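Right, one structure below, let's go through it.
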Amino acid sequence: MQQVIFIVLSLLTLSAAVMVVASRSLFRSALWLILAFAGIAMLFILLQAEFLAFVHILIYIGAIAILIIFAIMLSRGVMDPNEPRFNDQWRLVIGFGALLFVGLVVIMLRIPWPVNIVAVPADAIQLLGADFVGTYVIPFEVASVLLVAALIGAIVIAREH
Amino acid sequence: MVPLTWYLLVTAALFCIGLVGALSRRNAIAVLMGIELMLNAINLNLVAFWRYAYAARMDGQVFAVFVITVAAAEAAVGLAIIIAVYRQRRTINVEELDLLKG
Amino acid sequence: MSESLVNLLWVPPVLPFLAFVAIVLWAYRSKKLSVGLAIGAITISWLIGWLLAFASFRAEGLAEDPLRIFRDWLPTGSTWHAFGFALDPLTGLMLFMVPFVCLLIFIYSVGYMGIGKPQGAHDERGMPAEAGHVDPLVSRFFAYISLFACGMVGFVMADNLILALVFWEIMGLCSYLLIGFWFARSYPDPNKITPKEAGLKAFLTTRIGDTIMLAGFIFLFIQIGSLSYSEIFSPASLEKLATTTANLPLLGPTPWATIIAILIFFGAIGKSAQFPLHVWLPDAMEGPTPVSALIHAATMVSAGVYLIIRTYPLMTAVEHGPALMFISIIGAFTALFAATIALAQNDIKKVLAYSTISQLGFMFAALGIGAYIAATFHLLMHSFFKALLFLGSGSVIHGMEHGHHETAHADGVSAHGDITQDFDPQDMRNMGGLFRRMPKTAWTFLLGGLSLAGFPIITAGFWSKDEILADAWVNEHRIVFFVLVIAALLTAFYTARQIVMTFFGKPRTPAAAHANEHGSIFWWMTIPLMVLAFFAVVGGWVGIPTTFPVLGQFSSNPFHHIVGSMAEVYGFESEELPFSLMPLMASLLVSLGGLFLGWLAYRNYGTDKNYALSPTARPDPLQRLLRGLYPVLQNSYYFDELYDRLFVQPTKRLSYWLYRFDDQLVIDPIVDDVGKVGLYLSEASRWFDTHVVDAAVNGVGTVTELFGNAVRTLQTGRVQNYLLIALVTLSVLLGAFLLLPK
Amino acid sequence: MYYIQDLFVNIARSWTSWISGFLPLWAVSGVNYLIMAVILVMMPVLATLTLTWMERKVIGRIQNRIGPNRVGPFGIFQAFADAVKMLVKEDVIPTDADRPVFNLAPILIAAGAALLWAVIPFGRGMAAADLNVGVLYIIAIGSMTMIAMLMAGWSSNNKYALIGAFRAVAQLLSYEVPMVLSIATVALVVGSMRMGAVVEAQVVPFVVVLPATFVVYLMAGIAETGRSPFDLLEAESEIVAGYFVEYSGLKFGWFYIAEYGNLFAISAIVTTLFLGGWRGPGVSAVPALGPFYFIAKIVAVVFLMMWIRGTWPRVRIDQMLGLAWKVLVPVSLANLLWVAFVMKLPLPTALQWVLFVVGGLAVLAVALGLLGRAGRRHVASKGMVQT
């Protein structure tokens, strides 16, 4: 059962990703991107990381995707659909991308991954929170600083002069 | 349960697709989307490893959240830059943004 | 020991630092606010420091396992390096002294820097303010001393050498900044060292010691794999250090413990201004007097001693090893050597500076002969009375300046003009008869001086110094004993000289005649004096040995128990010495005798026949006694000049010669000859040029151009191309990694 | 008797046991999920059919009219009439519209309205899926609505639609922040993000315990549903009908349904988070009462919203965004901090809750005071007459 769901979801995600790269209209590819995000979120749920899944939806779909769409709309009319969407090196890129993929797969199959599947603790979310303000408090604070900096920087950059 | 390698396969594929997008599209926003895909692949990888190897502790998810944070910041700044560039040069075609050229 | 105190451990060092940050970033505009911040912070950390200190005195077994608060910080390979603070009886003692003295000196500085006085009209930044005006940079001053307080407190509380080193360097930095606090000051005669240069000198000189010490730390880390006290001083690692040896060129196999001990001791030599790195301390007197009291008498210079006390297990790892001998030799020698110099100084602060050096020498000598407890005792007592003496001298100087100010205004001359230039308010020859003028200062100074001279029974200095002498005597260290006795005699002598010249006799200048300690600011300055005087006298009574006749049965000698608990852990001699008459007699003799001789020699200094001479020109009684030697002493054995010849000048000359060599012996000839040859060649081969070279040149040009065109296509300036290159490289390498056989 | 006491749950149980008699397990769960899905989908439709009528009645009364009174007694069938009208209308798709997106948008937006119901407990143990991150789920679904709006605005290839979409998303984004903050406050107090737990925790309804939070959330909710006074996304006077100008017929109907569905859902969420959900006198004895209390409370909240709509003028968009960023966010932040601080204090829960009330009221008072000063200054600077 899980295998079926997984296969369906991953096919959905991957095809959506391909469409993101391939589609001609930016807006469309943004929508495909959203679909890919959703697929990944569902994969998270399959991995029993519900919290992460919904955070993922909230941030990627609710914030980043919308941001991207805004950007697309604000820079509308730059891309006239009949000029090529790929640059001249796209064949090379695809070739070597495929090569990289093959390499990764080979590594993946070679290495005996240390799998030990245990049940996710019932109070996973509490543990997560505890980690954030406990073991990882400094990275957490740094991340928040980073966010603030990014916010200010974005405003400064994008402000009309 | 699904074997771990399946997840790794998917993430690897997703990563490479994002890479191709980031390296081959001409529009800056499309490039950004490719990068987002790559980040997602990484996230999925983290969570998969967390679930299959260290489910007892939450470190994997912690790092996933950090990745998400960074992605958010990156998207905000990147798009701001794109908008600014668009105002400046009326284009967001990456090929024409070659000021790095000496 | 209530475990809740653990959570307070980080407070004493951190608060002054916060004050520093707050002042530097925000509060510096308002002088009052800055001072308030600094004093408030140090007050709180003083209270908490005493809380911890007394708790540590009462606690049992704190010496075995100190109270620690720490956090993994630095990943050092396999292990983590934990940073944190620890509290054991020794730290407790230092915590009793350091924040308290800091607080008193902060309060003193309020008066000394003239907080609340009007801003001088023509006071410029980086110059001492005109008398009766507030220093323009006073906020900065308080920021610096707060940072220094952080450094010192942190240093005594650190639980590992890395953290200790950090605070150690913070102290060094503050010392540099504060010595050079009046960076704009300059003197008419070029030989007199300016504050800026003095700060630089201090910094560089100590830096020599620090570097060597760092080498010691590194060796230690290589040997033990940790720098945390708890691990270094564990019997196992001490054993390891004592047994494993390194093969030194001349000395043959030497135990690591000895090497490391000596290397670390060099750090102490630098910081505590021991011979041969003592030269910076006298010049450090260019700094404001509170700084001299705080950094160069009470705390920082004694940090070197504290370092040795702290790492004493390391020093004693090898039984009767050369390390201890080295320490004792340096210490004893410095004690005597500096005392002799102090005899001939006329600058009131210089005398104290040299006496500080010699007293520190006492402590090192004590450590060298294994008198762990005595050294610690003397360290604390010395901090109290030497701080007192410096503050007193500062008050005297201030009074002199005021007096000079008044007289100058009486003459109708701007006191900020040339007169301050040639009149030196620090020169004892200009003083005299200040006892009546500034009684509070005089009394306290007198007490401090007696304590320094080791006036019997009542003063603290007597007990601590006596214990050192007794230790030296009982443990059969005859040479050290006699050297120290002589040093003590000289100490008493120059103390008497200083007191007499400053306070007794008749005023030798109008300034001295008009000196006073009235006015609001003097209260800020005199109250700390009184408090310190109290400790300079009573402080010693906690260390009265129980074996002492008569007094012994009243004393429980708590000090000995506190430090003894430390000593027992590491197995130093910690039982009380049997009473022996010889050292007692000796110290009674030298202190009283010295004081008496000094008084005898100087009782009517300057008041005799050559009264006509200007005060600075009158001969010193010692000049008659030791003729040729006197100037030698006065110029402190010409060490500055010596070092100048030995190190400074050669360096300059070397660099100059390198430059000359490069410029005149290499480049010019080459250029000329090349020119000539080129001329001939060109003459000879114009035709060759025209026919061959041009072609070749053009050919080269075209080839280059071709290559250039070929290569420049690589740099497109497009991110994606670069990334593509990265991708190609990555996948190729990956392929290689996968396909090639391992 | 017992069967009646917990009627709905027992019905569900017996139904499940009955079908599991002749169906394999996965099929049983499948069937049950299907039924739940149907209920969820029906929810917005139901809401629309009832609430339109109610709204028109209420607004009518407020505006001193009678409201619909022709079709059926008191015009209760007005909604059905409208529905029929909508169904028979022609379905126009503008030329060079992005067709698939254009068609997808209304479905998504209605789906968003329906999905909200998945985590809302109608009674004890009566939630379709009581996720342990239910609160987060609600927020996440909200983002789906935004996407749908953008899709609609973009695909219909119409300036006004695009601007409307922009406005709508800007509004939703900016009001999501205070909304999330206030929800976070509730989650903090409850110590769980499960909707069921939130209801269970409300011995005293949180509207009393966390007044500031409630106010903030209510305003944010009104903004989220895009109702007056925050109904700029369809400000007829400025941008005809907002992002769904181009829609007509059934597709427009979907938007319409979504709107009322959202209204209903938001009211349900407010009820769950602040009014104690299905709690009420005698529920512990007779759980079957729960749903009725729940519905009653929802209707009360809906009525409140209609009242607000009927009585307040529309604000300008800058005022609206300003309100979100300059008032609601600080207020909710302050409140959140206060709650977190109090929860750290070693006090009995009751005392803590009292402190919550005090702090919340204080925050509200301060905010209103500042607003008043700002308003007066504004009036003075503009030289308006102060009424």
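Chains as they are written, first to last, in our numbering: chain W, 8 to 168; chain B, 2 to 103; chain H, 221 to 962; chain Z, 121 to 507. Where a beta carbon is used, it is the ideal one built from N, C-alpha and C, also for glycine. Predicted model only: the values in this text are computed from it and were never measured.
Does residue i come out as helix, strand or coil in the three-state DSSP assignment?
i: H:D567; result: strand
i: H:P408; result: coil
i: H:F437; result: helix
i: H:L287; result: strand
i: W:R31; result: coil
i: B:R27; result: coil
i: H:Q339; result: strand
i: H:W293; result: strand
i: H:N650; result: helix
i: H:F610; result: helix
i: H:N695; result: coil
i: W:F93; result: strand
i: Z:A288; result: helix
i: H:N736; result: coil
i: H:G637; result: Annotation note: pLDDT 44 at H:G637 (below 50); position unreliable, no value reported.
Taking the alpha helix (DSSP H) that residue i falls in, what are its first and last residues?
i: Z:W274; result: G254 to S275
i: Z:P450; result: V449 to K464
i: Z:N382; result: G369 to F394
i: Z:G511; result: Because residue 511 of chain Z is not part of the residues shown, which for chain Z are 121 to 507, the question remains open.
i: H:A273; result: K251 to R278
i: Z:G316; result: M315 to A321
i: Z:N130; result: L127 to I139
Provide the residue span of the beta strand (DSSP E) that contains residue i, from first to last.
i: H:F303; result: T299 to L307
i: H:N467; result: T465 to L468
i: H:P473; result: G472 to P475
Roughly how many angstroms lie between the CA atoms of residue i and residue j, to the nearest whole one?
i: H:Q646; j: H:K251; result: 27 Å
i: H:A435; j: H:G312; result: 29 Å
i: W:I52; j: Z:L235; result: 17 Å
i: H:T640; j: H:M651; result: Low local confidence applies: a pLDDT of 46 at H:T640 is under 50, so the model's placement there is unreliable, with the coordinate-based value given in what follows. Straight-line Cα distance between these residues: approximately 15 Å.
i: H:A716; j: H:L815; result: 5 Å
i: H:A956; j: H:V948; result: 12 Å
i: W:F93; j: B:A29; result: 11 Å
i: H:P381; j: H:S448; result: Residue identity differs from the one stated: residue 381 of chain H is Leu in this sequence, not Pro. C-alpha separation (whole angstroms): 6 Å.
i: Z:A304; j: Z:R287; result: 26 Å
i: W:V113; j: W:I101; result: 18 Å
i: H:F441; j: H:A273; result: 30 Å
Count the other C-beta atoms from every protein chain shown that fall within 10 angstroms of the C-beta of residue i, then say buried if there are 16 or more, exposed otherwise.
i: H:L953; result: exposed
i: H:H498; result: buried
i: W:V27; result: buried
i: Z:S134; result: exposed
Item to check | Within 8 Å of chain H by C-beta, residues of the segment 15 to 34 of chain B in sequence order | outcome: L20, A23, L24, S25 and V32
Item to check | Residues, ordered as in the chain, of the segment 27 to 56 of chain W that lie near chain B by beta-carbon distance below 8 Å | outcome: V27, V28, L33, S36, A37, L40, A43, F44, I47, L50, F51, L53, L54, Q55 and A56
Checklist entry - Between the segment 147 to 167 of chain W and chain Z, which residues of the former have a C-beta closer than 7 Å to a C-beta of the latter? => result none
Item to check | Members of the segment 242 to 271 of chain Z that neighbour chain W once the beta carbon cut-off is set at 8 Å | outcome: L251, N252, V253, L256, Y257, I259, A260, G262, S263, M264, M266, I267, L270 and M271
Checklist entry - For the segment 112 to 136 of chain W, which residues have a CB atom closer than 9 Å to at least one CB atom of chain H, in sequence order? => result V113, I114 and R117
Item to check | Within 8 Å of chain Z by C-beta, residues of the segment 59 to 85 of chain W in sequence order | outcome: F61, V62, I64, L65, I68, G69, A70, A72, I73, I76, F77 and M80
Checklist entry - When you check each C-beta in the segment 45 to 56 of chain B against every C-beta of chain W, which residues fall closer than 7 Å? => result L45, V48, A49, R52, Y53, A54 and A56
Checklist entry - When you check each C-beta in the segment 67 to 96 of chain B against every C-beta of chain H, which residues fall closer than 9 Å? => result V95 and E96
Checklist entry - Of the residues that make up the segment 287 to 307 of chain Z, which ones have a beta carbon closer than 8 Å to any beta carbon in chain W? => result V289, L293 and E296
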